[in-house]
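Numbering (the working numbering), first residue to last: 2 to 123.
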């Protein structure tokens, strides 16, 4: 496989120690991306992924404009659109024990808008 996606949302995957709001935002974000981008990935926003060198070199990383969670979405979309082989494997994602989330309203709004840009400009 060119891309292996560690997924919280396939059978066997899970999150631990997340509040209801965080679960809603995360699952909702992946559903939102899936509906707009027309690819059946279950976990668009997760960052636990393995990439082959061939895939990374073929994604045009210099032209990626997304930040935050939409960065994960854009990379995955580019890989799928270019036909790289992929699979989702279950992971157990446990909330951090130290530090705080980087999620902000700016990152959230960027992700909402950027998904449409990714769909129609890629």
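Quick reminder that beta carbons are idealized off the backbone N, C-alpha and C, glycines included. Quantities reported herein were computed from a predicted structural model and do not represent experimental measurements.
Contact annotation: residue 31 and residue 90 have beta-carbon atoms that are not nearer than 9 Å.
Here DSSP, grouped into helix, strand and coil, assigns residue 29 to helix. With distances taken between CA atoms, residue 55 lies nearest to 2 out of 117, 115 and 2. Within the model, the alpha-carbon separation for residue 75 versus residue 45 is close to 9 Å.
Close CB contacts of residue 43 within its chain, under the 7 Å cut and outside five residues either way in sequence, are with 8, 10, 11, 31 and 89 (chain order). The segment 10 to 82 is shown to contain whole alpha helix (DSSP H) runs of 4 or more residues at 21 to 38, 54 to 58 and 69 to 82, in chain order.
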